[in-house]
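Everything in the sequence shown is counted per the UniProt record's numbering, starting at 1 for the first residue and increasing by one. We put the beta carbon where it would ideally sit given N, CA and C, even for glycine.
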Amino acid sequence: MSSQLNDLIKVVSNSLKIFSFSKLKSVFFPSSTSGVIWQYFAGSLAWLAIVGMAAMNLRTYLVYPQNSPQVGVTYYAFLTLHGWSAMLGLVPFAAISVIAFSMYKDGMSIRRTKLMSSMFWIANAGLIFALLGGPDMGWYMYPPLAVEDNSNFHAFLNYHGPLMGVAYLALAISSLAQTIATVNLVSDAYATKPKGQKLGIFSAYGVAFAVIIALTLPALTAGEIWYTLNILAGVPINTLLWLVLFWFYGHPVVYYVPFPIFGALYYYVPKFSGRSLYSEKWARWNIYLLAVGSMLIWVHHLQTFPIPVPVRLWINLSTLILASGSGLTVLNLGLTVLTSKGYNLKDPVGMATLMALIGFILGGVQAVPLPMFPINPIVHNTYYVVGHFHLVIWTLILMGFTAVFLDLLRTMRPGFNFSRTSTRMINAGIVLWTIPFATVGYLMSVEGYMGMLRRVIAYPETFYLYNVAISFLAEIGIAGIVMAVGSALVDFLTYSVPSSVGVSSSTSTGGTPSVVLSQGSDERKSFDNFKLMLNNSVNGKYSQIRKVS
């Protein structure tokens, strides 16, 4: 009995070792580039789960067309949780993780790993603190509602008075931490880039758009600090100027993940097409077009505001310039696939990559007419807009992110590949995610074109069947991405390096052969007494070597 108890104590003791200070420190503050990449990928997946749960809560209310005003409080709380978790959590963390992985693939490294981990935790803590207040004004945070605290409207359900200012300060610290992280990535990319070597196409896009994040995210920080000063010190807010600040960040933020994903598509599509990229020169020049264009067209979000006609003309022109960059990407990648001898759809990374490209085409077509002045005021506040940007999120962003994540699993564990069963499950999950959500995107846009307003909890019966179908298809699609990512993770976590037998010998005088049994590259067991039979392929003679003890 005592021996069994001792064995149990040993098992428990060994299990608790994973919670030692050194172990926990290595998890929360990794000291390697790969550790930081894992950290940001894990953070992205965590926020994705929150985004999805909040979204499905919204869809639950929207399957009933005649909700009472009392439902509005809960609906808007989940609407803002959905938006903030996506735009302030998922998007920046996913962008940083993809950019860091692109650097890793190209031989660069992160030097200040503790700084990156510290910024990760600070950014998360700030956002979580703000969300605990129950924000109730939508992710866009427009004034004056975003600073209201009276009997008619509360910007926060739980925070009032100075606590609202503290919440915005927490958000400012969060976005500042994300900015510091991207600046650090750019700095480390410059410092660790192999000398005399051109950046690969994946890392070139990643580093370029890390610069865009570092340039535009401070505008959000400034807007949040302005709110803090208004609440705590009474500093007045100029509404139009605040909106200019917000959309200087608010439009580029929708490209924080897609443009680094473009780099991933440029890397993966040729690989699975079995040929080189149709034009790498186009791809590299396109970086400048997309980078500059993404910061010039933010004003098209203000089409419903009284802005001068010349500015409206610039809106249309600049939007078409950026659209041409996206079109060039589609043309380049499409020609790469179409002029190849065949695309490898059986590989999960190849499948996810192609679904991301197809989804971007479908979502991009919806976007082209949106900023045009004759059209925008009509559809601006409808589900047409929701259908467009969610379709891009569901396909290009999430499928592209999935492709990068699947490649990460392979890259981080040499020799690992997905099993046949896992491959089928992952591919089935990718299809099960993409088809329902592509359909949802177009159903949303159709009902928006018909007049379904966004951000409402009561709507005409005409849209009832649309909303039921959207919610039903979303349930199916979520099962797809859980199947894809879950199957990949299970395969990765249960993988064990196969044992191998190696033979080594010394050609120097007195050298003797030895046999080594290795488990990966860590465990090595040698046999001192052995009898080895060798076939000499040079003269065909049979040799026998016996080790003398």
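- As the crow flies, the alpha-carbon of Val330 is around 21 Å from that of Ile99.
- According to DSSP, residue pairing for Ala458 in a beta bridge involves Gln66.
- Per DSSP, the unbroken alpha helix (DSSP H) holding Ile122 starts and ends at Thr113 to Leu131.
- Residue pairing by DSSP places Pro135 opposite Phe156 in a beta bridge.
- Checking the DSSP bridge columns, you'll see Thr382 partnered with Leu453.
- The Cβ atoms of Arg410 and Phe416 sit closer than 7 Å to each other.
- Look at Asp347 here: in three-state DSSP terms it is coil, with no helix or strand label.
- Between Leu290 and Phe259, the C-beta gap is smaller than 7 Å, which places the two residues in contact.
- The secondary-structure analysis by DSSP pairs Asp149 across a beta bridge with His154.
- In this structure, DSSP gives Gly234 a state outside helix and strand, which the three-state scheme calls coil.
- Residue state for Thr192 is assigned as helix, using DSSP reduced to three classes.
- Counting C-beta atoms within 10 angstroms of its own C-beta, Gln39 has 16 or more neighbours from the protein chains shown and is therefore classed as buried.
- Less than 7 Å divides the Cβ of Ala189 from the Cβ of Val207.
- Counting along the chain, the unbroken alpha helix (DSSP H) around Asp491 starts and ends at Tyr464 to Leu493.
- In this structure Ile96 is buried. Its beta-carbon is surrounded by 16 or more other beta-carbon atoms within 10 angstroms.
- Under the 8 Å Cβ criterion, the segment 85-92 does not count as touching the segment 198-206, having fewer than three qualifying pairs.
- When the beta-carbon positions are compared, Ile481 and Val257 stay at least 7 Å from each other.
- In this structure, the straight-line span from the alpha carbon of His301 to that of Pro374 is close to 14 Å.
- CA-CA distance, Asn67 to Leu453, rounds to 15 Å.
- DSSP places His251 outside both helix and strand once states are collapsed to three, so it counts as coil.
- The shortest CA-to-CA distance from Leu241 to any of Tyr227, Ile231, Met116 and Leu265 is the one to Tyr227.
- The Cβ-Cβ distance between Ile430 and Ala484 falls below 7 Å.
- With fewer than 16 other Cβ atoms from the protein chains shown falling within 10 Å of its own Cβ, Glu475 counts as exposed.
- Counted as a single uninterrupted DSSP element, the alpha helix (DSSP H) harbouring His82 occupies residues Val71 to Trp84.
- The alpha carbon of Pro371 has as its nearest neighbour, out of Ala403, Met399 and Thr304, the alpha carbon of Thr304.
- Scanning Ala94, Ser32, Thr421 and Gly52 for the CA closest to the CA of Ala42 turns up Ala94.
- With three or more CB-CB distances shorter than 8 Å, the segment 175-187 counts as touching the segment 108-115.
- Annotation for Met399: the continuous alpha helix (DSSP H) segment containing it runs Leu398 to Met412.
- Met103: member of the alpha helix (DSSP H) spanning Val91 to Lys105, first to last residue.
- Within 10 angstroms of the beta-carbon of Trp285 lie fewer than 16 other beta-carbons, which makes it exposed.
- In the structure shown, the three-state DSSP call for Lys341 is coil.
- The distance from the Cβ of Ile297 to that of Ser318 is about 4 Å, consistent with a contact at the 8 Å cut-off.
- Remark: fewer than three beta-carbon pairs, one from each stretch, lie closer than 8 Å, so the segment 380-397 and the segment 319-338 are not flagged as touching.
- For Pro369, there is no enclosing alpha helix (DSSP H), since its DSSP letter is neither H nor E.
- The Cβ atoms of Glu461 and Tyr383 lie no closer than 7 Å to each other.
- With respect to the 7 Å criterion, Val269 and Leu333 are classified as neighbours on the basis of their beta carbons.
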